[in-house]
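Shown next, in structure tokens, is the structure this report addresses.
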Amino acid sequence: MIEARNLWKRYGDNVVLERINMSVAEGEFVTMVGTSGCGKSTFLKMLLGTETPTSGELLLDGKPIPDEPGPDRGIVFQQYSVFPHMTVLENVMTAKAFARNGITGYLFGGAKRQARDEAKAMLDQVGLSQALDKYPHELSGGMKQRLAIAQALLGKPRILLLDEPFGALDPGIRADMHELVLNLWHEHKLTVFMVTHDLKEGFYLGTRLWVFDKLRQDPQAPNAYGASITYDLPVGKLDRATYEEIDDNLRPVAQLA
Amino acid sequence: MKRMINKTPGSVLRMSLGLLPFVLLLLIYMAGSDARLELNPDDKLLPSFAQMGDAIHRMAFEPSKRTGEYLFWADTGSSLNRLGLGVVIAALIGLLLGMLTGALPMIGAGVSPLLTVISLVPPLALLPILFIVFGLGELSKVVLIAIGITPFIARDIQRRTEEIPSEQLVKAQTLGASTLQILIRVVLPQLMPKLIDAVRLSLGAGWLFLIAAEAIASTDGLGYRIFLVRRYLSMDVILPYVAWITLLAFLLDIALALLSRRLYPWNVQGGR
Chain A
1 MIEARNLWKR YGDNVVLERI NMSVAEGEFV TMVGTSGCGK STFLKMLLGT ETPTSGELLL
61 DGKPIPDEPG PDRGIVFQQY SVFPHMTVLE NVMTAKAFAR NGITGYLFGG AKRQARDEAK
121 AMLDQVGLSQ ALDKYPHELS GGMKQRLAIA QALLGKPRIL LLDEPFGALD PGIRADMHEL
181 VLNLWHEHKL TVFMVTHDLK EGFYLGTRLW VFDKLRQDPQ APNAYGASIT YDLPVGKLDR
241 ATYEEIDDNL RPVAQLA
Chain B
1 MKRMINKTPG SVLRMSLGLL PFVLLLLIYM AGSDARLELN PDDKLLPSFA QMGDAIHRMA
61 FEPSKRTGEY LFWADTGSSL NRLGLGVVIA ALIGLLLGML TGALPMIGAG VSPLLTVISL
121 VPPLALLPIL FIVFGLGELS KVVLIAIGIT PFIARDIQRR TEEIPSEQLV KAQTLGASTL
181 QILIRVVLPQ LMPKLIDAVR LSLGAGWLFL IAAEAIASTD GLGYRIFLVR RYLSMDVILP
241 YVAWITLLAF LLDIALALLS RRLYPWNVQG GR
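Same order as they appear, the protein sequences are chains A and B. Residue numbers for the first sequence, in the UniProt record's numbering: 1 to 257. Residue numbers for the second sequence, in the UniProt record's numbering: 1 to 272.
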């Protein structure tokens with residue numbers, strides 16, 4: 001479904017990604033890890049459409065991914081993903097309103113009632129039915145992310161992109177969120193790409209783990225070479241040794257960065 | 001001994017510390033006024049509160065001998081009318097300009113430099129032009145206020161628009177929103193409390209332009225009146241008028257702050 005062919009991303013002399021080749025089938029759950037600044041977020045932005053490849057191809061169903069965000073690719077950011085001026089219910093109903101080709105983005109009459117029912121059902125699924133009339137600033141970090149996920153899913157995307165969605169959450173809440181995301185992934189038959197800096201998260205969440213790292217290093221010119229996908233592992237068959245190996249590979253660089 | 005920098009007043013102390021300068025000023029004025037009136041009962045410079053009360057009673061509760069109007073209220077009405085009209089026009093134009101230049105880079109590129117230059121033109125220097133173009137009537141005064149504060153509001157709103165996290169705009173697009181839908185449902189509602197803030201900040205300038213325009217060419221209004229009675233050294237009218245203008249400005253500010261808090265409860269840090 002998604003395919004990259006010899007994909008490069010440069011900013012001037014600074015090579016961020018090089019020689020990315022991969023293909024992902026519908027329904028996979030890909031977790032991307034790597035040191036900060038390794039380009040995993042840049043890669044996610046290219047899937048999203050806010051960044052474009054410098055060379056090479058990034059294809060969705062055989063066609064280049066559009067260079068602006070669209071309704072087939074939902075996103076949950078680490079923060080600022082929800083609209084602060086709308087209540088929880090309005091935030092999710094808005095997804096329905098935007099999906100219609102209205103001029104104003106407001107819903108009226110029957111369409112509004114229907115959107116309200118669908119939004120309530122979705123909020124029930126993510127466990128926010130107690131907070132329908134609250135504003136985002138009254139929610140905890142975990143609840144905000146639940147809201148952002150509900151909002152993204154009501155847009156009925158085929159692909160869900162998660163950019164360190166749980167990075168700012170407490171470990172206990174994070175576990176709940178993992179369960180939620182896995183359930184929703186099954187239920188809505190999504191293809192998920194998740195960026196995380198938590199290697200453990202990548203090791204049991206999803207079906208596939210990508211590690212972004214630089215294969216070549218030039219100490220005189222650290223930006224001369226970009227990162228590529230150094231590990232592409234099926235999740236579930238991973239052993240302790242592999243974990244340690246990747247962890248060792250990532251850690252020294254992480255401390256320098 | 002606690003450092004000065006760590007000492008904070010309690011609520012009662014804070015209140016009395018705040019009131020103290022007002023009381024002191026009043027006392028100093030009263031002492032000065034008494035001393036001068038003692039020497040010369042016809043002194044006009046520092047009228048007593050009784051004299052000011054008489055003057056205001058005459059202006060506000062007795063019809064003018066010449067026109068039959070209650071001058072104080074007529075002045076207040078026409079001044080607030082001009083100010084309100086000018087500020088509303090400025091707010092609408094400023095909001096539209098600021099939102100479009102802030103949210104749409106293509107429009108921003110075309111309009112922002114012009115806006116920057118226009119905001120540097122001293123509005124009072126344009127007043128003669130306005131009088132020539134629009135005549136000496138109401139229009140030129142309203143236009144002066146509008147021209148005077150529109151650039152400020154537009155540029156403030158432009159900045160506020162740019163401050164909206166791009167994540168929200170991207171999110172809306174992934175839900176299928178068009179540019180117009182994003183402007184109407186994501187950007188505009190978030191700008192409304194910022195617009196009220198900008199209006200509150202620009203009201204001071206608005207009063208300045210209002211009084212300047214009324215002083216130069218008008219037949220009524222608070223600014224007209226104080227400049228008129230200056231000829232007779234009528235401090236007993238000028239001082240209460242100035243206090244009244246200050247009170248009006250204060251009340252307008254409070255009303256806008258309350259409105260903002262009431263209408264936009266999600267704007268946590270706003271309305272203060």
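We treat Cβ as the ideally placed atom computed from N, Cα and C, and that holds for glycine.
Contact list for residue i against chain B, beta-carbon separation under 8 Å
i, result
"A:F166", "Going along chain B, no residue has its Cβ under 8 Å from A:F166, so there is no contact; the nearest lies around 16 Å."
Chain A contact residues for residue i, given Cβ-Cβ distances below 9 Å
i, result
"B:P189", "F83, H85, M86"
"B:G108", "Residues of chain A passing the Cβ test: none, with the nearest at roughly 18 Å."
Burial state of residue i (16 or more Cβ within 10 Å)
i, result
"B:L210", "buried"
"A:P69", "buried"
"B:S119", "exposed"
"B:V199", "buried"
"B:G206", "buried"
"B:I5", "exposed"
"A:V92", "buried"
"B:A54", "With the sequence shown as reference, residue 54 of chain B is identified as Asp, and Ala is not the correct amino acid for it. The residue is exposed, with fewer than 16 neighbouring Cβ atoms inside 10 Å."
"A:H85", "buried"
"residue 304 of chain A", "The structure shown does not extend to residue 304 of chain A, since chain A spans only 1 to 257, so no value can be given for it."
"B:M1", "exposed"
"B:T246", "exposed"
"B:L258", "exposed"
"B:A255", "exposed"
"A:V213", "For clarity, residue 213 of chain A is Asp in the given sequence; the question names Val instead. Buried."
"B:L12", "Here residue 12 of chain B is Val; the residue named in the question, Leu, does not match the sequence. The residue in question, B:V12, is exposed, as its Cβ has fewer than 16 Cβ neighbours within 10 Å."
Beta-carbon separation (whole angstroms), residue i vs residue j, contact threshold 8 Å
i, j, result
"B:L115", "B:L97", "7 Å"
"A:V30", "A:V24", "6 Å"
"residue 273 of chain B", "B:R225", "An answer regarding residue 273 of chain B cannot be provided, because it is not within the stretch 1 to 272 covered by chain B."
"B:L144", "B:A213", "5 Å"
"A:Y243", "A:V211", "Actually they are not in contact, since the Cβ atoms of A:Y243 and A:V211 sit about 11 Å apart, beyond 8 Å."
"B:L175", "A:A95", "5 Å"
"B:Y241", "B:L228", "Incorrect: roughly 11 Å between the Cβ atoms, too far for contact."
"A:I75", "A:D163", "7 Å"
"A:F98", "B:A109", "27 Å between Cβ atoms; not a contact."
"A:L209", "A:V235", "5 Å"
"B:A165", "A:Y80", "A small fix is needed here, since residue 165 of chain B is Pro in this sequence, not Ala. About 4 Å; that satisfies the 8 Å criterion."
Under 8 Å from the C-beta of residue i: neighbouring residues of chain A
i, result
"B:P265", "Y135"
Beta carbon proximity, residue i to chain B, threshold 8 Å
i, result
"A:A111", "no"
"A:R158", "no"
"A:E50", "Going by the sequence as given, residue 50 of chain A is Thr instead of Glu. So, interface residue."
"A:D248", "no"
"A:F43", "no"
"A:A152", "yes"
"A:Y80", "yes"
"A:T94", "yes"
Residue-chain proximity (residue i, chain A), Cβ-Cβ < 8 Å
i, result
"B:V117", "no"
"B:A243", "no"
"B:I196", "no"
"B:E163", "no"
"B:L180", "yes"
"B:V268", "yes"
"B:R185", "yes"
"B:Q51", "no"
"B:V170", "yes"
Cross-chain neighbours of residue i in chain B, by beta carbon under 7 Å
i, result
"A:E68", "Q173"
"A:G74", "T174"
"A:F77", "E167"
Under 7 Å by beta carbon: chain A residues contacting residue i
i, result
"B:G176", "P71, F98, A99, G155"
Closer than 9 Å at the beta carbon, the chain B residues around residue i
i, result
"A:I103", "S178, L180, Q181, I184"
Three or more C-beta pairs below 8 Å linking the segment 124-144 of chain A and the segment 167-184 of chain A | The segment 124-144 of chain A is in contact with the segment 167-184 of chain A.
Pairing CB atoms from the segment 64-76 of chain B with CB atoms from the segment 125-141 of chain B, are three or more of them under 8 Å?
-> Taking 8 Å as the limit for Cβ pairs, the verdict is that the segment 125-141 of chain B does not touch the segment 64-76 of chain B.
Are the segment 178-189 of chain B and the segment 225-240 of chain B touching by the rule of at least three beta carbon pairs closer than 8 Å?
-> By the Cβ rule, the segment 178-189 of chain B does not count as touching the segment 225-240 of chain B, because fewer than three pairs are nearer than 8 Å.
Any contact of the segment 189-196 of chain A with the segment 157-166 of chain A, i.e. 3+ C-beta pairs under 8 Å?
-> With a cut-off of 8 Å, the segment 157-166 of chain A and the segment 189-196 of chain A count as touching, because enough Cβ pairs lie within range.
Are the segment 144-151 of chain B and the segment 77-89 of chain B in contact at 8 Å, needing three or more beta carbon pairs?
-> The segment 144-151 of chain B vs the segment 77-89 of chain B: in contact.
So, do the segment 39-57 of chain A and the segment 7-15 of chain A have three or more beta carbon pairs nearer to each other than 8 Å?
-> The segment 39-57 of chain A is in contact with the segment 7-15 of chain A.
Count the CB pairs spanning the segment 36-55 of chain A and the segment 128-137 of chain A that are closer than 8 Å, and state whether there are at least three.
-> Contact between the segment 36-55 of chain A and the segment 128-137 of chain A is absent, because fewer than three Cβ pairs lie under 8 Å.
Does the segment 215-235 of chain A come close enough to the segment 12-21 of chain A to have 3 or more Cβ pairs within less than 8 Å?
-> Taking a cut-off of 8 Å on C-beta distances, the segment 215-235 of chain A touches the segment 12-21 of chain A, as three or more cross pairs fall below it.
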